[in-house]
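Following the working numbering, the numbering of the sequence shown begins with 884 at its first residue and continues without gaps. Quick reminder that beta carbons are idealized off the backbone N, C-alpha and C, glycines included. All values derive from a computational prediction rather than experimental measurement.
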Amino acid sequence: LDARCWRNALLDGQPSPFKRGWRVPTAGILSVDFVKISKPDPKALTMSKGYFRALLSEISAEGMTPAKIIQSVKTTANSQHFLIQHVMEIMAFFPRVHNEDFFQPRVELLVTVFGRTMDWLGLTRVYNILFPFERRMLSYRLGEENLFAEAMAVNFYELDLADASQRYVLQELLHIAVFEEGENIVQLQYQGCDYRIPASWLTDMPRTGKLTLFYVRTQSVIDEVALNGSCDAKKNPNPLHHPAYFSEYVPAWLSVLDLGGQPSGIGWINGHKVRMIKSKIQEKASMNPVDAFKIFDDKGTGSMTRMEIVQALFRIGIWLNQPEISVFMTVLDQDGGGNIEEDEFVDFWEAYSFH
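Next comes the structure, spelled out in structure tokens:
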């Protein structure tokens, strides 16, 4: 429990782990991320519409910087509970930050509201909006074991088994997969190769290697989880299960597919892959599709072959496996001519977003 709550503690720049008998130091500068892992009382009231309008008026005033907005949100969080819709509206005030920027307002916002959001299970979908470097920072600040929500397990996972918190996530996925019907773990790769997890991993998981997978559920399982919590709830009731914790927020990309906040089946996977690729391009190249295409099209021809696109991605630090390449090229090359034109690239850009 201490490791989940007391994170990244530094005393005068040196690690200061929480141990039995730990006492508050009498000298030095102590910094720590203290993670509130308990959740709001499901009967608690959320922020009123009037209170939220007043907050929006405050943070939209002239001269408000991202840092000042975060401070206003922190003050509000001392007495109020948020909804996912509140979080999304506040997030819209923040400009794009770059990987090297020390202050990342979207991450800071999510850290601030983490223990003060009533429909907190919906935060899983908000995390998808973050750029990869923001998602890594959020993981560092709060811990993957705290970000993971069993009830909202349907997602893509990229796990480093050298990290104890990421091993915990895999352990939980394997546990619920045993109880849930159907094939839940799909398109799994271990060390870049297709892989099938052996039964021995349930009790003896490796501590090295990188693994990617999609976790999927049938609609009947999603309904059961929404009703009772985890699928072994009759045997091990989940104390965090309550209808108030589920969010009505559904991202537009899932809404278009007529799916809820937790999509069923596997039909969402290819679109999710393409959105992740776009997010990586935004992080590495540009937020603008025309500018991004020009970075790829270094010869200035206005047209690129599939191979040239893959090489351009690799050049800026984006490596795709063969299934990802196939899905991405199918989306880009709309006319099937073998070349990707600038207008096709712009069409892809406008059609795929996590928002």
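Under the three-state DSSP convention, the category ASP984 falls into: coil
Sheet register partners of PRO898 (DSSP bridge): LEU893
Proximity to ARG989 [Cα-Cα], best of ASP1002, ASN961 and GLN954: GLN954
Residues that SER914 bridges to, as DSSP identifies them: LEU893
Any 3 or more C-beta pairs closer than 8 Å across the stretch 1087 to 1103 and the stretch 1029 to 1048: At 8 Å Cβ cutoff, the stretches touch.
Simplified DSSP state of MET974, which is helix, strand or coil: helix
Start and end residues, alpha helix (DSSP H) containing ASN1153: ASN1153: member of the alpha helix (DSSP H) spanning 1152 to 1167, first to last residue.
SER1103 versus PRO1146, ALA1127, PRO1134 and THR1086, residue with shortest Cα-Cα distance: PRO1146
In chain order, each alpha helix (DSSP H) run of at least 4 residues that lies wholly inside the stretch 1059 to 1116: 1102 to 1111
Cα-Cα separation, VAL980 to ASP1218: 35 Å
Which residues DSSP lists as bridging THR1188, in chain order: ASN1222
CA-to-CA distance, LEU1025 to GLN1194, given in whole angstroms: 35 Å
Cβ separation of ASP1002 and LEU966, assumed to be a contact under 8 Å, to the nearest whole Å: 6 Å
Neighbour-count burial assignment, MET1190, 16 or more Cβ in a 10 Å radius: exposed
Cβ pair THR1188, ILE1152 closer than 9 Å: no
N-terminal and C-terminal residue of the beta strand (DSSP E) that ASN1029 is part of: Unbroken run through ASN1029 is the alpha helix (DSSP H), 1027 to 1030; no beta strand (DSSP E).
Endpoints, beta strand (DSSP E) assigned at LEU1044: Looking at the DSSP string, LEU1044 is not in any beta strand (DSSP E), and its letter there is neither H nor E.
Where MET1170 falls, given that 16 or more other Cβ within 10 Å makes a residue buried: exposed
LYS926 beta carbon less than 9 Å from that of PHE997: no
Where THR909 falls: helix, strand or coil (DSSP): coil
Residue nearest to GLU1214 in terms of C-alpha spacing, selected from VAL1229, TRP1202, LEU1057 and ILE1201: Just to set this straight, residue 1214 is Val in the shown sequence, not Glu. Checking every option, the nearest Cα to that of VAL1214 belongs to VAL1229.
Residues near VAL1061 by beta carbon distance below 8 Å, same chain, minus five either side: LEU1085
CA nearest to the CA of ALA1082, picked from GLN1070, CYS1076, GLN1054 and SER1130: Residue GLN1054 holds the alpha-carbon nearest to the alpha-carbon of ALA1082 among GLN1070, CYS1076, GLN1054 and SER1130.
Interface flag, LEU993 vs chain C, CB-CB below 9 Å: No chain C is part of this structure, which consists of one protein chain only.
Endpoints, the alpha helix (DSSP H) within which ILE1178 is located: Taken as a continuous stretch (DSSP letters only), the alpha helix (DSSP H) holding ILE1178 covers 1172 to 1179.
Residue span of the alpha helix (DSSP H) that contains THR1007, given as start and end: 1006 to 1010
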